[in-house]
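Numbering (the numbering used here), first residue to last: 1 to 129.
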């Protein structure tokens with residue numbers, strides 16, 4: 001899909017939308033994350049962090065690693081499940097340092113250890129029903 005615009009003028013007080021980039025992910029540093037569209041035959045999907053298996057009765061769509069913003073950034077983050085087969089937007093390499101996604105680790109404290117292990121990259125699974 002291509003962007004579509006209307007005739008509204010951008011005001012001086014505004015926000016910006018940036019594409020997302022990988023950061024701190026070996027082999028994908030500063031490369032753009034492509035837009036993703038997942039079509040599943042089932043209408044309900046869930047992302048479950050810290051596991052590689054779906055709940056009983058759910059269909060596996062893909063497994064991967066949990067990613068979000070760096071813990072030092074003073075901003076909200078939405079955790080996403082990066083497919084284990086990471087893809088980059090072809091031709092990308094411009095470092096905008098604006099909307100960065102890093103692997104997310106587990107930390108003991110508010111997460112009970114065990115079963116969690118501090119300092120491990122969190123896995124994830126996307127399932128449909």
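Note that CB positions come from ideal geometry on N, CA and C, so glycine has one too.
In this structure the stretch 106-118 does not touch the stretch 22-33; the number of beta carbon pairs closer than 8 Å is below three.
Counting only the Cα atoms, residue 12 lies some 43 Å from residue 61.
Following the DSSP letters along the chain, one finds residue 46 inside the beta strand (DSSP E) bounded by residues 45-49. One Cα belongs to residue 99, the other to residue 21, and the distance between them is close to 6 Å. Secondary structure within the stretch 66-109: the beta strand (DSSP E) runs of 3 or more consecutive residues, fully enclosed, are 80-83, 100-103 (chain order).
Counting along the chain, residue 53 sits inside no beta strand (DSSP E), nor does DSSP assign it H or E at all. Here residue 42 has 59, 128, 129 as same chain residues with Cβ atoms under 7 Å from its own Cβ, once five neighbours each way along the sequence are excluded. For residue 126, the enclosing beta strand (DSSP E) covers residues 123-128. Straight-line spacing of the CA atoms in residue 26 and residue 7 works out to 42 Å. In the structure shown, residue 116 adopts coil according to DSSP, grouped into three states. Within a 10 Å sphere around the beta-carbon of residue 122 sit 16 or more other beta-carbons, which makes this residue buried.
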